[in-house]
Amino acid sequence: MSPYIVGIDLGTTNIAVSYIDTAAESTRPEPFHIPQIVAEGECDTQPTLPSFIFLAGAVNENYDLPWASGRNFCVGALARMKASATPGKTVSSAKSWLCSATVDRLAPVLPWNNDDAEGRISPVDASRMYLEHIRDAWNHTMADDVETARLENQEIVLTVPASFDAVARDLTVNAAEAAGLSVTLLEEPQAAFYAWLQEHDDRWRDTIAAGDRVLVCDIGGGTTDFSLIEVADEDGDLGLRRVAVGKHILLGGDNLDLTLAYALAARLQRDRNIKLDAYQLAGLTHACRDAKETLCQSPDAPAQKIAVLGRGSSVIGGMISTELSFDDVVNAVIDGFFPFCFLNDRPTAQTRAGLRQFGLAYEADPAVTRHLADFVSTHSGTDEDATNLPNAILFNGGVTKAGILKDRIVQTVQRWVDETDGELVVLDGANPDLAVAQGAAWYGLVRRGDAIRIKSGSSHAYYVGIESSMPAVPGFSPPLQALCVVPFGLEEGSEVDVPYSGLGLIVGETTEFRFYASSTRTSDATGVIINDVDTDDVVELPALTAELPVDDSGIPPGAMVPVRLKTILSEIGTLQLWCLEEAGERRWKLEYEVRTAVSDTDAT
Amino acid sequence: MTAKPINLLGSWVIYFLLRNNEVHTMQRIISAFRVFFLALKGKELIEKSKIPPPEPKPAPPPPPEPTANQTADAFNNGAVYTLLLLQRAGRLVDFLQENIDAFSDDQVGAAVRQIHKDCGKVFTENLQLKPILTQGEGETASFESGVDPSEIQLTGVVPDAPPYTGAVRHKGWQVSRIHFPTRSGKVNPKVVQPAEIEIS
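As they're listed, the protein sequences go chains S and G. The letter at position 125 of the first sequence is residue 125 when you use our numbering, and the numbering goes up by one with no holes. Add 604 to a position in the second sequence, counting from 1, and you land on the number used in our numbering.
Laid out in structure tokens, this is it:
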């Protein structure tokens, strides 16, 4: 077994690493501070690595690290600073692209606003480069030429959003493998919950009891992720089970800061006819973040003075000063992103503008609370019988450090709970910036021993599209049905034989299966067929393909080989689909066809 | 000191040349040379008449060319780097270099508020400060034995010997922790703020 257990929180905007030294007396996860380029020619360690890559184009010795030289890129703090000055050369939010089925995730598409294909990398490349940086930083700091201490030789738990589907998880594992790391995946809200368990040692049983449902609310820099964990009585002891995960919500702390900045910029233009350029807007966003944090900690604080200093060497000449009041924060952030809402409120549906820039599918409705209402009511029984509401809430993510935002979410959920005479307890979490990495390392230790584990299994149910046997109508393709091949909650390390015959692969050709996922259809069993895949609770993923070479088996090219499907959810959390020959022993693995963007297949 | 006589003589040569403007130019130049050599000779005489100066100390060997790392170290520990950090964090150098006479107190105040907040990060991240005295200003402090005058300055009616007792007028500051990023030896250590050119 490896001397260290390492937890890596590969966040959308920040990466954190935590480790347990198994030889040490304490099993408490320690933070690993990450050396990185913090300014031109300056290297320093910081608690987190900002998830930014600056692609300089030419080699620049200022990006030399203690372990690398001759680089034409840099990762981390300096790259984040470059993002506002040279956005066309800076990769950011790569993780959101990793789960975006609208692009070829293996193709060089980032930075998105750069038209020069030469200077771009793929979302998977970006994840690999972050992990390579972590690997080299670790080996430089911790390994000291001791082979067994190198990161490649450690047990690594890598966290992913609970909302990540099988394809995004597979790509994450591929990126890790490309960086030479073998990893086990863990969902971020679960990691946050493990951090809470670890912090509370054995005392957690005093806080939660059998029958409790814990809502984990993880609001990071770029994404929001919900999970529901149920506490059950298992032969007299408490058992934990992750019973639901939310949809992928592209909303986070960065949106709040930008919204404040845009609100102030609009006011400056309206009242004083001042138009800000990109540099000033970046400065305003930075100042708004500081002011917002002050106001959210202490609402009684006076309106915060904000000054965007002049860009040239003249600081006061060219300065724009304004102020941010508590009311501004309430209007733009609290009422904008966290409005009170009813449990039966839903996020406003996405309005498709005629000419929308083809980019990340940012949420149409910024109200985190409405997304939460959608999640909670979906997983609390039917609308008439919403008795199974969460009665505990655990927060994670940088945004939840702001007491007032946390309070607003608690008050909102409290109102829902009050209607059913329920109660709500807020679990005090660890450091919301580092908890996920810490919980991930702790999970690695838990896997080795007999400490309590959250039973989770597959976060989605998966379906394969099959053509229905309805008579064909000229001009219409036959309606598509979906066959459930993985039920929600299928445990890691299990295999499922799909009880369905009538599938076939064509010899000498590539056969393609359409592939679907749902995080809300939690009761479909393997083999269930749903008739309408065109519903909101099922999303299409990249197709699955299998290529059957012509071989010496005597089956002529073009003939169909009848197959059965077998699905395997691996121990590390990835999903594999296999076609087994009905009549023989041969088997073929289905591959995710990530190279075809989903929107393209929709169009055809 | 030895340069002075020759300077005086040199000045006299020029005076002589200027005064004898009725003499033929060539002759004048020759005379000038003669006088000049005389002057040199005179200098020698003066030198010889004097007590020889002490042997000059051998010039210290020229410092070895600093290696890249030494430059970086000197830079890391140096004042320029602190200036750079204060400028980067909060534009302090820009502010101190700006002529603020033309601006109103409101404008200056707004800027200072921002600069104050941003520069403060340097004191939390790079140069942590702590007071020298734990007592608050205005409180009484007593010292049974002597004090290090670089740390504690005694003012007012100071007795010749300890114990010293008095009111704390300034609690003092000292750096309690220094943390600087590692600098590559390849950057220009004189730069406090790089110039910027925006290409559109």
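Glycine included, C-beta positions come from ideal geometry on N, C-alpha and C.
- The continuous beta strand (DSSP E) containing S/M560 extends over residues M560 to L569.
- Considering only S/V124, S/V109 and S/A126, the residue with the shortest C-alpha distance to S/E118 is S/V109.
- In this structure, S/L427 sits near S/I208, with a CB-CB distance shorter than 9 angstroms.
- Residue environment analysis places S/M1 among the exposed positions, since fewer than 16 neighbouring C-beta atoms fall within 10 angstroms of its C-beta.
- If you draw a 10 Å sphere on the C-beta of G/D752, you find fewer than 16 other C-beta atoms in it, and that means exposed.
- The beta-bridge partner set that DSSP reports for S/Q304 consists of S/L324.
- S/V528 and S/S458 have their C-alpha atoms roughly 17 angstroms apart.
- Secondary structure of S/A517 (DSSP, three-state): strand.
- By the criterion of a C-beta distance shorter than 7 angstroms, S/L577 is surrounded in its chain by V485, L544, L565, T567 and L590, once the five residues flanking it on both sides are discounted.
- In the structure shown, G/L737 falls within a coil segment according to DSSP collapsed to helix, strand and coil.
- Beta-bridge partners assigned by DSSP to S/D225: S/D218.
- For G/H720, the number of other beta carbons within 10 angstroms of its own is below 16, and it is reported as exposed.
- Contact between the region 506-518 of chain S and the region 231-239 of chain S is absent: fewer than 3 CB-CB pairs across the two stretches fall below 8 angstroms.
- Interface with chain S (9 angstroms Cβ-Cβ cutoff): G/K734 is excluded.
- Beyond the five residues adjoining it in sequence on each side, S/V563 comes within less than 7 angstroms, by CB distance, of L503, G504, L505, C579, L580, E581 and E582 in the same chain, given in chain order.
- Remark: C-beta atoms of S/V6 and S/Q154 approach each other more closely than 9 angstroms.
- Collapsing the DSSP output to three states places G/Q701 in a helix.
- Contacts with chain G at 9 angstroms (Cβ-Cβ) do not include S/E491.
- Listed in chain order, the non-local C-beta contacts of G/L733 below 8 angstroms within the same chain comprise F727, W777, Q778, V779 and S780, local neighbours out to five positions each way being set aside.
- Checking the DSSP bridge columns, you'll see S/R241 partnered with S/E230 and S/K455.
- Cβ contact annotation for S/A546 (same chain, cutoff 6 angstroms, sequence separation greater than five): L505, T511, C579, W588 and L590, in chain order.
- In the displayed model, S/F395 falls within a strand according to three-state DSSP.
- Between S/L405 and S/V413 a beta carbon distance of about 13 angstroms is seen, past the 8 angstroms cut, so the two are scored as non-contacting.
- The beta-carbon distance between S/I34 and S/A137, rounded to whole angstroms, is 5 angstroms. This is short enough to meet the 8 angstroms contact definition.
- Beta-bridge pairing by DSSP links S/Y4 to S/D21.
- S/G246 sits buried, since 16 or more C-beta atoms from the chains shown fall within 10 Å of its C-beta.
- For G/P785, the chain S residues whose Cβ falls inside 8 angstroms of its Cβ are V38, A39, E42, C43 and D44, in order along the chain.
- Its chain contains Y63 as the residues whose beta carbon lies nearer than 6 angstroms to that of S/R71, once the 5 sequence neighbours on both sides are disregarded; these appear in chain order.
- Assigned with DSSP and collapsed to three states, S/Q414 falls in helix.
- At least one CB atom of chain S sits nearer than 9 angstroms to the CB of G/A706.
- Taking a cut-off of 8 angstroms on C-beta distances, the region 479-493 of chain S does not touch the region 430-439 of chain S, as fewer than three cross pairs fall below it.
- By alpha-carbon distance to S/N139, the top candidate from S/N114, S/L445 and S/A179 is S/A179.
- Within chain G, the residues F707, Q711, A714, A715 and Q718 have their CB atoms less than 9 angstroms from the CB of S/M319, given in chain order.
- Rounded to whole angstroms, S/R213 and S/G403 show a C-alpha spacing of 23 angstroms.
- Counting the other CB atoms within 10 Å of its CB gives S/K275 a total below 16, which places it among the exposed residues.
- Think of a sphere of 7 angstroms around the beta carbon of G/K775: no beta carbon from chain S falls inside it, the nearest being about 26 angstroms out.
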